[in-house]
DNA sequence: GCCGTTTTCGGCCCGACTGTTTTCAGTCG
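Residue numbers (the working numbering): 2 to 593.
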C-alpha cells in the first residue's frame, strides 16, 4: 500500500505499536509510536507535505528514528524495518484490534491458539470459536471473556464501534435528554456536559456527562435505569450506557468538594491532559481526577490531595489561568497560559450579522432556494440582536440563461430586496453566492456585479481536482472581481460524508491577506467549514473570518453558535472576525 | 523511541474496570 494520507500513516504507526506490544518491546517505545500516530492524526497539513519541505521533525514526537523510517516510506513506499517487524506477527491479529475489548496481547493469544489465518475471515472465525465455547477454556480467558467477545463482535458488525461519529446538534439533543432525566433526582447537585461536546469538536463520538453529588451510588443507580440497549460499564464512580440509537453515554459522579478536578479531567482532551500532567510533574505536582498531590522523584509525598471544587482552582493550583475548553487540544494553549498569552475567544454575543442567508426569492438558480422570505429572516435577525444581514442567494443558472437575462434577474432582485428592506431596523446587504466553476471563472457575468454589494464565492462542483489545479482555480476566483469579499465554505467538506477539496492553504492565505478577503466559517453543523485546525493556521497568518449560517430556512439562523465555537477552537478573538464589526465599519469593509 | 528552566541519560500521565487471579495484566479513556 502506498501511504499518502495522515489517516493511513497513523494507522501504520499504530500497527507498529501493536506489533511491538505483542513482541514485548520496551513499553516506552510503544508509547512513542502511539504518540506520533496521535499527533499525525491531529496535524493540519499532510505529513507528506511537511516531509517535502523537510519539516518532518516539527511534528511533536518525531525524532531521529521515526523520521528516518518515514523518510524511507515517502521515498520508496515501504519501510523495510516495519515490514520485517510485521513478518514476526500473524497478519490475522490486526483486524481483531477493531473489536472492543481486544488489544494486541489478547488478539495475539487468540490467533496463536486457534491458528487463524487470513485477515478477512478472522473475525467470523473467532465468532464461531466463541459460539462453540472454545474460548473459555483457554488460560487467561473464561466464560465472561467468551461472552464479552461475542457481544463485542455483534457490536462491531452493527458498525456501532469505530469512527461512528455524530454531528453536534444530535449530540446536543441526546445530552439534553439524559440531563433532563438525571435532574429528576434530588441528589444531583450539578450536571455538566464534558468531553468533546464541551470542547465543541466538529463531530462527537460519545457523550460525556459529570454529576456533582454526595450520593454517587444513588445517582449511578438512577442513571443505569435510563432506557438503554446495554450497560457497558458500571462502577461506584460512574457508568457507561449504550443507548438504543447506538450512541454511548458516559457518566462520572463526584463529590462536590473535588468536582473541579473531575471537570478538568473529563473534559480532556487526552493530549491536553497529558501535557498538563507533565507540566505539573515538573513542578512537583501529580494530577488526577480527584485533585492534586505533591510528589518528589515520582513518589507521592503526602497522601492528602489538594481538593479543587472548581476548574479555576484546579488550574490556578498548577500555576495557570483557567483555559477555555475549546482551546484544550495541546496546540500551545499551556505554553500560552504560562506566559499570559491566552486569547480571549470570541463569544456568540459578539456577532453583529449573518452574511450567508438564502431566501425563497426565485432567481432561477440551479441550486436550492431558501424556504422563507426575507421578512421572516429580518424578524429573526432582530431577535438575535443583529445590526445587519446579507442575502447570499445562489447565482442564476448559467446554462439556462443568456448574460443579459442574468443581468435582468439580478437587477430585479436587487430592486425587490431594497424595497423589502426599506425602513427595517436591521440593515440588508444584497450579496450573491457565486459558484467557482471548475476553470476558476465565476458563474456571474461581470455586468451583473453592478447589482450586488459584494459576493461570496464557493465551490459546488468538481471537488476532487488535483491540489495545484484547485489552488489555481480558487485563486483565480478570489481575484476575479473586487467585489469578491468572502470565500464560502472553503473546503466544501460535508462531515462524515465528503472530504473537502485539497488546497495549498499558504497560497490561498496570501491572496486573502493581500485583498483582505474573509474566509467563511460556515456554521451549518454538517459543514463547519473551515475546519478549526485551518482556522488556527489562517489566524496566525493574520487572515480574518466571517462566521455565517448558510441558512436555507429561518431556523438555521440559530446555528450561529456552532460556527462561533469553530472560531473559538481556532483561537479567534472578536477582532479576527469581520461580522463582529458594527454596521458602519462592516459596510466600509464589505463594499468595494 | 523521544526529549531537556534540575537532565544528552534516565526518565517517560493517571486511574478505573474487568476477569481471572490470589497480586496482576490488559484494555480503555
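Think of the CB as a built atom: it goes at the ideal place given N, C-alpha and C, for glycine as much as any other residue.
Query, Result
"Give the secondary structure of residue 480 by DSSP, where H, G and I count as helix, E and B as strand, and everything else as coil.", "coil"
"Can you list, in chain order, the residues of its chain with a C-beta nearer than 6 Å to that of residue 375? Leave out the 5 residues immediately preceding and following it.", "360 and 421"
"Starting from residue 530, trace the alpha helix (DSSP H) both ways and give me its first and last residue.", "Note, residue 530: premise wrong, no alpha helix (DSSP H); not H, not E."
"With DSSP as the reference, label residue 423 as helix, strand or coil.", "coil"
"For a test of the three-state rule: what should DSSP assign to residue 513, helix, strand or coil?", "helix"
"Hey, residue 521 and residue 457: beta-carbon distance below 8 Å or not?", "yes"
"In the stretch 338-420, which residue ranges form an unbroken alpha helix (DSSP H) of at least 4 residues, counting only runs that do not cross its ends?", "375-384"
"From what residue to what residue does the alpha helix (DSSP H) around residue 270 run?", "It is not in any alpha helix (DSSP H) - residue 270 carries neither H nor E in the DSSP assignment."
"Taking the alpha helix (DSSP H) that residue 585 belongs to, which residues open and close that run?", "584-591"
"State the Cα-Cα distance for the pair residue 378 and residue 385, rounded to the nearest angstrom.", "10 Å"
"Under 8 Å: do the stretch 200-215 and the stretch 252-268 share three or more Cβ pairs, one atom per stretch?", "yes"
"Inspect the CB distances between the stretch 547-554 and the stretch 497-512 and report whether three or more fall short of 8 Å.", "no"
"Whole angstroms is fine: what's the gap from residue 224's alpha carbon to residue 313's?", "28 Å"
"Please state whether DSSP places residue 58 in a helix, a strand or coil.", "helix"
"Is it the case that the stretch 174-192 contacts the stretch 147-159, given that we only count it when at least three CB pairs across the two stretches are under 8 Å?", "no"
"Who are the near neighbours of residue 362 in its chain, counting only those whose CB is closer than 6 Å to its CB and skipping five residues on each side?", "none"
"Which word fits residue 299, buried or exposed, when buried means at least 16 other C-beta atoms lie within 10 angstroms of its C-beta?", "Because residue 299 carries a pLDDT of 47, less than 50, the predicted location of this residue cannot be relied on, and the following value inherits that uncertainty. Exposed, because fewer than 16 other Cβ atoms sit within 10 Å of the Cβ of residue 299."
"From the DSSP output, in three-state form, read off residue 185 for me.", "coil"
"Taking 8 Å as the threshold, find out whether the stretch 51-60 comes into contact with the stretch 126-140 through three or more Cβ pairs.", "no"
"Identify which residue in 268, 248, 147 and 231 has its Cα closest to the Cα of residue 194.", "268"
"So residue 466 and residue 512 are supposed to be a Cβ contact under 8 Å. How far apart are they, rounded?", "Residue 466 to residue 512, Cβ: 18 Å. No contact."
"Would you give the residue range spanned by the beta strand (DSSP E) that residue 192 belongs to?", "191-195"
"Excluding the 5 residues flanking residue 201 on each side, which residues of the same chain have their C-beta closer than 6 Å to its C-beta?", "327 and 566"
"Of the residues 176, 222 and 196, which one's Cα is nearest the Cα of residue 188?", "222"
"Going by beta-carbon coordinates alone, are residue 423 and residue 365 separated by less than 8 Å?", "no"
"Residues in its own chain within less than 7 Å of residue 168 by CB, not counting five upstream and five downstream?", "204, 496, 526 and 527"
"Would you mind reading off the limits of the beta strand (DSSP E) that contains residue 432?", "428-436"
"May I ask you to report which of helix, strand or coil DSSP gives residue 5?", "coil"
"Go through its chain and collect everything with a Cβ distance to residue 594's Cβ below 8 Å, but skip five positions before and after it.", "Residue 594 cannot be examined here, being either before or after the span of the chain that is shown, 2 to 593."
"Report the three-state DSSP secondary structure of residue 211 (helix, strand or coil).", "strand"
"Taking the straight line between their C-alpha atoms, what separation do you get for residue 595 and residue 560?", "For residue 595 there is no data in the structure shown, the boundaries of the chain being 2 and 593."
"Candidates 106, 381, 438 and 413: which alpha carbon is nearest residue 399's?", "438"
"Quick check: residue 274 and residue 330, are their CB atoms within less than 8 Å of each other?", "no"
"So, helix, strand or coil for residue 580, using DSSP?", "helix"
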